[in-house]
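The sequence shown: position 36 = 36 (UniProt numbering), numbered continuously.
Just so it is clear, CB atoms sit at the ideal spot from N, CA and C, and this is done for glycine as well.
I have placed the structure first, in the form of structure tokens, so that the comments after it can refer back to it.
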Amino acid sequence: MKSVLAFLHFEGNCRQAMHFYQQCLGTELQLTPYPDADGKPSSDANAMIMHSQLTYKGQPILMASDSAPGGKVHAGNNFTVSVDCESLAELEQFFASVAAGGTIRLPLSDMPWGARFGMLTDKFGIQWFFNCALSQ
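Structure (structure tokens):
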């Protein structure tokens, strides 16, 4: 298996969410809007997103789209985006950035498994875990 990635679905605010995550995590962002009714690429800067991808250090880390036109998104608590950081500084930066406008469910704390860990729900309703081994 090469990788497993989370794919998030939004109801019309994928563009805003992915730009927010791009800024928080310092990634590259690719956005592909749904085509116009005639099948041609949309020229509307606010068009709904058919596919998007965040890339960090050359590797895809997160994908997302708006639901298909007319589709509905049902938020739930059956998944969480989990980020394993390379350093405590990176952990603190990413956690604070993604938490902006959201709700911290567990502040960054040292855990029995030898890591600093925190949980939050971002301003788009997405749940996140952040973890960094204390030896790093």
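If you follow the beta strand (DSSP E) that L108 is part of, which residue opens it and which one closes it? T103 to D110
Indicate whether the contact test is met: 3 or more Cβ pairs, each with one atom in the region 96–106 and one in the region 117–124, closer than 8 Å. yes
Go ahead and pull the three-state DSSP assignment for L5. coil
Whose CA, out of E11, I49 and E86, lies closest to the CA of A75? E11
Selection from Q127, S135 and C24 that minimises the alpha carbon distance to F79: Q127
Since V81 is in the beta strand (DSSP E), which residue starts that stretch and which ends it? V81 to D84
D44 to V73 span [Cα, whole Å]: 23 Å
Name the DSSP bridge partner or partners of N131? D84 and F117
C-alpha distance - H51 paired with Q59, whole-angstrom precision: 16 Å
Residue closest to M18, alpha-carbon to alpha-carbon, out of S65, G114, S42 and K57: S65
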